[in-house]
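Take the UniProt record's numbering: the last position of the sequence shown gets the number 186, and nothing is skipped along the way. Using N, Cα and C, we set each Cβ at its ideal position, and we do this for glycine too. Shown next, in structure tokens, is the structure this report addresses.
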Amino acid sequence: MTTLYGMADLAIGTGENVTTLRLFEGPLDLSWKHCAMTSDFVAEFVALRYRTSRNLYKEVRHNVGYLTNELIENAVKFRASGEIVVETAVASNAFRAKVSNFVDKETARRFQHLLSEITTGDPGELLIKRIEENALGASPGGSGLGLLTLMSDYGAHFAWVFGSGEKESRIPLETYASITVPEPSN
Numbered sequence: 001m002t003t004l005y006g007m008a009d010l011a012i013g014t015g016e017n018v019t020t021l022r023l024f025e026g027p028l029d030l031s032w033k034h035c036a037m038t039s040d041f042v043a044e045f046v047a048l049r050y051r052t053s054r055n056l057y058k059e060v061r062h063n064v065g066y067l068t069n070e071l072i073e074n075a076v077k078f079r080a081s082g083e084i085v086v087e088t089a090v091a092s093n094a095f096r097a098k099v100s101n102f103v104d105k106e107t108a109r110r111f112q113h114l115l116s117e118i119t120t121g122d123p124g125e126l127l128i129k130r131i132e133e134n135a136l137g138a139s140p141g142g143s144g145l146g147l148l149t150l151m152s153d154y155g156a157h158f159a160w161v162f163g164s165g166e167k168e169s170r171i172p173l174e175t176y177a178s179i180t181v182p183e184p185s186n
């Protein structure tokens with residue numbers, strides 16, 4: 001059984017012009033350094049089309065990099081063994097990303113509980129509430145601050161698809177995200 005959280009229209013293919021990166025487990029292990037390098041690469045790749053405007057280039061590079069880094073960091077931090085696949089595309093005025101990885105059953109359960117909280121209600125109000133909880137030490141790990149910041153401050157839209165992992169201890173997780181980017185000038 002597949003379970004969807006978030007916007008269903010995001011959980012479709014990212015289109016024809018998709019860039020795919022695979023992060024493999026190996027002797028170097030996946031680490032925060034790999035998250036930053038990969039998100040910087042994706043951000044630079046997307047932002048290059050805005051190089052005629054220094055301000056647009058910087059804005060797009062920052063926004064795409066921040067979104068991509070958050071998605072990859074979450075995949076690295078909460079993953080079960082296996083590769084992480086990052087797919088990105090730019091269509092009209094939207095940057096879209098899909099990050100696929102595996103999580104164990106307990107992580108899936110905790111994340112689904114968090115998603116049921118942060119996908120209902122106003123992201124700005126939930127962000128303030130989570131910041132206050134963190135300041136008081138009342139928020140458990142996996143507060144959702146990064147996702148809420150992206151939703152509230154960057155207008156990001158998300159969808160999460162949890163696959164069926166009943167036969168295995170690993171559950172496939174697909175995280176979809178979209179943010180608005182301006183039309184590049186020619």
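Helix, strand or coil at Pro172 according to DSSP, with G and I counted as helix: strand
Pull the bridge partners of Thr88 from the DSSP assignment, please. Beta-bridge pairing by DSSP links Thr88 to Thr19, Ala97.
Note down, in chain order, each residue of its chain lying with its Cβ closer than 6 Å to the Cβ of Phe158, except the 5 sequence neighbours on either side. Excluding positions up to five away in sequence, the list reads Gly6, Ala177.
Measure the alpha-carbon distance for Ser81 versus Trp160 and round it to whole angstroms. 19 Å
Under 7 Å Cβ to Cβ from Val60, same chain only, skipping five residues before and after it: list those, please. Val46, Ala47, Tyr50, Val181
For Ser185, which of Val85, Arg22, Glu44, Asn93 has the nearest alpha-carbon? Asn93
Check whether the segment 114-127 touches the segment 97-105, counting contact only when three or more Cβ pairs, one atom from each stretch, lie closer than 8 Å. No: fewer than three Cβ pairs fall under 8 Å.
Where Glu125 and Asp153 are concerned, what is the direct C-alpha to C-alpha distance, given to the nearest angstrom? 12 Å
Which one or two residues does DSSP pair with Leu67 in a beta bridge? Note: Leu67 sits in no beta bridge, so no partner.
Should Thr175 go down as buried or exposed, given a rule of 16 or more other Cβ atoms within 10 Å for buried? buried
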